[in-house]
Amino acid sequence: MAWFRRSEELEVAPVEADREDTPAALDAEIAGVVRLVNAAAGDLPVASVVAARRITDLLSEVVRTSDVRPLDVYAAISVRATATDYLPTTVRGFVALDPDLVDVPATSGVTPAQSLAAQLEALEGAAEKVLQAARRQDVDALMTQGSFLRTKFSGSDLDL
């Protein structure tokens with residue numbers, strides 16, 4: 002039954018690394034959201050501009066940890082998602098509001114300006130956790146290297 006057999010071999014193309022996770026690509030995405038925040042600065046509360054820029058600074062610090070060791074895939078995903086989705090969506094959502102409504106409480110009693118501040122606070126907290134995890138990974142790597150070197154170059158109990 003020839004119709005169950007393949008008439009030619011399938012060639013498998015080599016899988017390339019996801020270029021979106023390179024430090025340069027992540028830096029470019031962060032730069033894009035910085036431009037968005039700067040462009041929207043006139044429509045955002047001053048404290049929110051500062052908070053948004055703190056978030057972008059934290060994201061940049063996460064990417065800079067790749068100078069020491071490759072960026073963890075979860076850190077890269079978090080940076081990319083925050084820079085291309087979470088932060089821009091938050092900023093654009095607020096800027097799209099009628100300026101007369103930004104200080105008017107909704108049925109929940111929270112104003113859009115307060116909601117924006119809370120969203121930015123949550124994003125900043127998440128970015129801080131990603132940075133802490135990346136730094137902790139660097140510390141773990143340093144401690145592992147130290148243990149290796151102690152074992153490698155110190156006298157062993159097995160030496161006679």
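The sequence shown begins at 2 in this note's numbering and counts up by one.
Heads up, the beta-carbon is just placed ideally off N, CA and C, and yes, glycines get one too.
Just so it is clear, the structure is predicted and the values come from calculations on it, not from any experiment.
Secondary structure at A107: coil, using DSSP grouped into helix, strand and coil. Annotation: I78 to T85 spans about 10 Å, alpha carbon to alpha carbon. With 16 or more other Cβ atoms from the protein chains shown falling within 10 Å of its own Cβ, E30 counts as buried. A distance below 7 Å between beta-carbons, with the five flanking residues on each side excluded, links V34 to the following residues of its chain, in chain order: T57, A84, L88 and P89.
With contacts defined by Cβ atoms closer than 8 Å, F95 and P113 form a contacting pair.
Taking C-alpha positions only, D68 is separated from D101 by approximately 46 Å. Short of 6 Å from the beta carbon of A41, and not among the five residues preceding or following it, lie these beta carbons of its own chain, in chain order: V92 and V96. With contacts defined by Cβ atoms closer than 8 Å, A135 and D73 form a contacting pair. Here V50 carries a helix assignment [DSSP, helix/strand/coil]. Residue burial is scored here from C-beta neighbours: S155 has fewer than 16 other C-beta atoms within 10 angstroms and is therefore classed as exposed. Each residue's CA atom was taken as its position, placing A82 and R36 some 17 Å apart.
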